[in-house]
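These notes concern the structure reproduced below.
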Amino acid sequence: TLTSLNFAWNEMGNQGAQYLADALKNNRTLRQLDLCGSQIYDLGAEYLFDALTINRVR
37 TLTSLNFAWN
47 EMGNQGAQYL
57 ADALKNNRTL
67 RQLDLCGSQI
77 YDLGAEYLFD
87 ALTINRVR
(Lines of atoms letter the chains of each structure in order from A; the text may use other names.)
(Lines give C-alpha, C1' and ligand atoms only; values in the text may rest on other atoms or scores of the structure.)
Protein backbone atom coordinates (compact mmCIF):
# COMPACT_ATOMS: atom_id res chain seq x y z
CA THR A 37 0.00 0.00 0.00
CA LEU A 38 1.42 3.36 -1.05
CA THR A 39 1.25 5.84 1.83
CA SER A 40 4.19 8.19 1.18
CA LEU A 41 5.91 9.68 -1.89
CA ASN A 42 9.04 11.81 -1.89
CA PHE A 43 9.70 13.66 -5.16
CA ALA A 44 11.65 16.49 -3.50
CA TRP A 45 14.18 18.29 -5.70
CA ASN A 46 13.57 16.17 -8.81
CA GLU A 47 12.66 19.07 -11.14
CA MET A 48 9.51 17.37 -12.45
CA GLY A 49 7.91 20.68 -13.44
CA ASN A 50 4.31 21.18 -14.50
CA GLN A 51 4.33 18.32 -17.03
CA GLY A 52 5.56 15.86 -14.42
CA ALA A 53 2.98 17.18 -11.99
CA GLN A 54 0.27 16.45 -14.56
CA TYR A 55 1.49 12.85 -14.94
CA LEU A 56 1.66 12.44 -11.17
CA ALA A 57 -1.81 13.94 -10.76
CA ASP A 58 -3.24 11.45 -13.26
CA ALA A 59 -1.69 8.59 -11.27
CA LEU A 60 -2.93 9.96 -7.94
CA LYS A 61 -6.56 10.23 -8.99
CA ASN A 62 -7.12 6.55 -8.19
CA ASN A 63 -4.92 6.31 -5.09
CA ARG A 64 -6.82 6.16 -1.81
CA THR A 65 -3.98 5.40 0.60
CA LEU A 66 -1.47 8.23 0.13
CA ARG A 67 -0.96 10.26 3.31
CA GLN A 68 2.27 12.14 2.61
CA LEU A 69 3.56 13.80 -0.58
CA ASP A 70 6.82 15.80 -0.65
CA LEU A 71 7.27 17.98 -3.75
CA CYS A 72 9.67 20.53 -2.25
CA GLY A 73 11.87 22.08 -4.95
CA SER A 74 10.22 20.16 -7.79
CA GLN A 75 9.76 23.29 -9.94
CA ILE A 76 5.98 22.97 -9.96
CA TYR A 77 4.21 26.26 -10.58
CA ASP A 78 0.57 27.39 -10.75
CA LEU A 79 -0.55 25.04 -13.52
CA GLY A 80 1.11 22.00 -11.97
CA ALA A 81 -0.33 22.89 -8.58
CA GLU A 82 -3.81 23.02 -10.13
CA TYR A 83 -3.36 19.53 -11.60
CA LEU A 84 -2.30 18.18 -8.22
CA PHE A 85 -5.02 20.02 -6.30
CA ASP A 86 -7.70 18.59 -8.59
CA ALA A 87 -6.30 15.06 -8.31
CA LEU A 88 -5.95 15.15 -4.54
CA THR A 89 -9.45 16.57 -4.19
CA ILE A 90 -10.83 13.73 -6.31
CA ASN A 91 -9.04 11.02 -4.35
CA ARG A 92 -9.87 12.60 -0.98
CA VAL A 93 -6.40 12.39 0.51
CA ARG A 94 -6.48 13.52 4.13
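Numbering-wise (my numbering), the sequence shown opens with residue 37 and increments by one.
Glycine included, each C-beta is placed from N, C-alpha and C at the ideal position.
Owing to the predicted nature of the structure, the values given are computational and were not obtained by experimental measurement.
Item	Value
Chain-order list of residues whose beta-carbon lies under 6 angstroms from that of T27 (same chain, five-residue window excluded)	Since the displayed the chain opens at 37 and closes at 94, residue 27 lies outside it and no answer follows.
C-beta contact flag for D70 and A44 at 8 angstroms	yes
Limits of the alpha helix (DSSP H) - the one that L56 falls within	49-60
Per-residue burial, L79 [other beta carbons within 10 Å of its own, 16 or more giving buried]	exposed
For Q68: DSSP bridge partner residues	S40
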